[in-house]
Amino acid sequence: MARESRQSKSERMVAAIAQLREDYPEAKCSLDYRDAHQLLVATILSAQCTDKRVNMVTPGLFKKYRSAVEFAYCNVNELSEDIRSTGYHNQKARSIKGASLIIIDEFGGQVPQTMDQLLTLPGVGRKTANCLLGTAFGVPAVVVDTHMIRITNLLGFTNQRDPIKIESEIMKITPESDWVILTHLVIEHGRHVCIARRPQCKNCSLSDLCPSSVV
Ligand code: SF4
36 MARESRQSKS ERMVAAIAQL REDYPEAKCS LDYRDAHQLL VATILSAQCT DKRVNMVTPG
96 LFKKYRSAVE FAYCNVNELS EDIRSTGYHN QKARSIKGAS LIIIDEFGGQ VPQTMDQLLT
156 LPGVGRKTAN CLLGTAFGVP AVVVDTHMIR ITNLLGFTNQ RDPIKIESEI MKITPESDWV
216 ILTHLVIEHG RHVCIARRPQ CKNCSLSDLC PSSVV
C-alpha cells in the first residue's frame, strides 16, 4: 500500500463511499438534538459514553434546561446529578456550564461557527468542533473518532493514528461534499460490520476494496 498513488486512494475512497451509501442510506448523526446548543451539550455528554445512553438522558435534560442561558446559570452540582448516568458527570457538567457561559458572554448566545472559536469552549476539542461544524452548520468537516481511526487504517487510507493527521489525509482524498457523511457512514460500518477486534470481513461490502480483508 505504501506505493499506492493518491489518485488510486481517492478512487477507492469514492467507491467506498458509494458502497457505504447503499449499505446505510439512513446514516446520520445519531445524537438527538433540536439546535446547535443542544448538539453541543449532547456531544460533550457523548465522550466515553454511547449515543444511545446520551439520547436517554437528553430529553429530560432539555426539558429542564431550555436554553444556553439556563445551562449557563444552572447549579453545576445539580446539572452533574442530572447527567450522572453518562459518566464523568462532574467534568461534563463543568464543561457544559462553562461553554454555555462563554456562548452567552462572548458570542451573543449563539454557538460560534468557526473552528478557532469553538475550540475556546471548555469540553470542546477538534472532534466535537468538527461535529458541530458539519452537522449543525453544514460546514464541510471530517470528524475523526475511534471508528474512523480504526477503519481508515484498515482500508489503507492512512497509516496514522493521530486524529489531526488522519483528518488532514482524509480531506485530501475525499470529495469535500462527502466529508460530513463519510464519518456517519464509517461509524455505521464500525457498529455493524467492521467491528473493533472482530471485523466481519466475510459479510463486508468493502472487502474487494480493503487491503486488510481476510476473506
Ligand atoms: S474487509 Fe474486513 S477489515 Fe476491511 S473494512 Fe471490511 S470488515 Fe473491515
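The sequence shown begins at 36 in this note's numbering and counts up one residue at a time.
Glycine included, C-beta positions come from ideal geometry on N, C-alpha and C.
The structure displayed is predicted, hence computed values, not measured ones.
**OP:** Could you pull out every residue in the same chain whose Cβ sits closer than 6 Å to the Cβ of V76, ignoring the five residues on either side in sequence?
**Re:** Counting from one through the sequence shown, the residue named residue 76 turns up at place 41. Excluding the 5 residues flanking it on each side, V76 has same chain C-beta neighbours closer than 6 Å at I131, in chain order.
Original post:
Considering only residues of the same chain and omitting the five flanking positions on each side of N238, which have a CB-CB separation below 8 Å?
Top reply: As a first step, residue 238 must be located in the sequence shown, where it is residue number 203. Here the set comprises V228.
**OP:** Go ahead and pull the three-state DSSP assignment for S43.
**Re:** For the purposes of this step, residue 43 is identified with residue 8 of the sequence shown, where counting begins at 1. Assignment of S43 by DSSP, reduced to helix, strand and coil, places it in the helix class.
Original post:
Among A176, V174 and A128, which one has its Cα closest to the Cα of P9?
Top reply: Lying outside 36 to 250, the shown extent of the chain, residue 9 is not represented and no answer is given.
**OP:** Leaving aside the five residues before and after F97 along the sequence, list all residues of the same chain whose C-beta is less than 7 Å from its C-beta, in chain order.
**Re:** Taking the first residue of the sequence shown as 1, we reach residue 97 at position 62. For F97, where only same-chain residues beyond five positions count, the Cβ hits under 7 Å are Q73.
**OP:** Any chance you could list the residues with Cβ under 5 Å from a heavy atom of ligand 1, keeping chain order?
**Re:** L189, C229, P234, C236, C239, L241, S242, C245, S247 and S248
Subject >> For D58 and G133, the rounded distance between their alpha carbons >> reply: Residue numbering aside, residue 133 sits at position 98 when the sequence shown is read from its first letter. Residue numbering aside, residue 58 sits at position 23 when the sequence shown is read from its first letter. The straight-line gap separating the alpha-carbon atoms of G133 and D58 is approximately 40 Å.
Subject >> Own chain residues within Cβ distance below 6 Å of E198, not counting five before or after >> reply: Position 163 of the sequence shown, counting from 1, holds the residue named residue 198. In the sequence as presented, Glu is not what sits at residue 198; that position holds Pro. For P198, where only same-chain residues beyond five positions count, the Cβ hits under 6 Å are V179.
Subject >> Classification of P246 by the beta-carbon crowding that lies within 10 angstroms, buried from 16 upward >> reply: Counting from one through the sequence shown, the residue named residue 246 turns up at place 211. With fewer than 16 other CB atoms across the displayed protein chains lying within 10 angstroms of its CB, P246 is exposed.
Subject >> Inter-residue Cα distance where the pair is C64 and E202 >> reply: Along the sequence shown, one-based indexing puts residue 64 at 29. Along the sequence shown, one-based indexing puts residue 202 at 167. Approximately 18 Å, taken between the alpha carbons.
**OP:** Quick one: grab the DSSP three-state call for N110.
**Re:** For this step, residue 110 is matched to residue 75 along the sequence shown. N110: coil per DSSP, three-state reduction.
**OP:** To the nearest angstrom, report how far apart H124 and I79 are at their CA atoms.
**Re:** One-based indexing of the sequence shown puts residue 124 at position 89. One-based indexing of the sequence shown puts residue 79 at position 44. Taking the straight line from one Cα to the other gives about 10 Å.
Original post:
Q54: which of V250, L217 and V249 sits nearest, CA to CA?
Top reply: By 1-based counting over the sequence shown, the position of residue 54 is 19. Residue L217 is the option with its Cα nearest to Q54.
Subject >> Reduced DSSP category for M36 - H, G, I as helix; E, B as strand; rest coil >> reply: Here the question's residue 36 lines up with position 1 in the sequence shown. Low confidence applies here, because M36 scores a pLDDT of 44, under 50, leaving its location unreliable; read the following figure in that light. In the three-state DSSP reduction, M36 falls in the coil class, being neither helix nor strand.
Original post:
Does DSSP put E116 in a helix, in a strand, or in coil?
Top reply: If you number the sequence shown from 1, residue 116 lands on position 81. E116: helix per DSSP, three-state reduction.
Subject >> Coil, strand or helix - N188 by DSSP >> reply: Stepping through the sequence shown from its first residue, residue 188 is reached at position 153. Reduced to three states, the DSSP call for N188 is helix.
Subject >> Outcome for M207 when other beta-carbon atoms lying within 10 angstroms are tallied against a minimum of 16 >> reply: Numbered from 1 along the sequence shown, position 172 holds the residue referred to as residue 207. The displayed chain sequence assigns Lys, not Met, to residue 207. With fewer than 16 other Cβ atoms within 10 Å, it is exposed.
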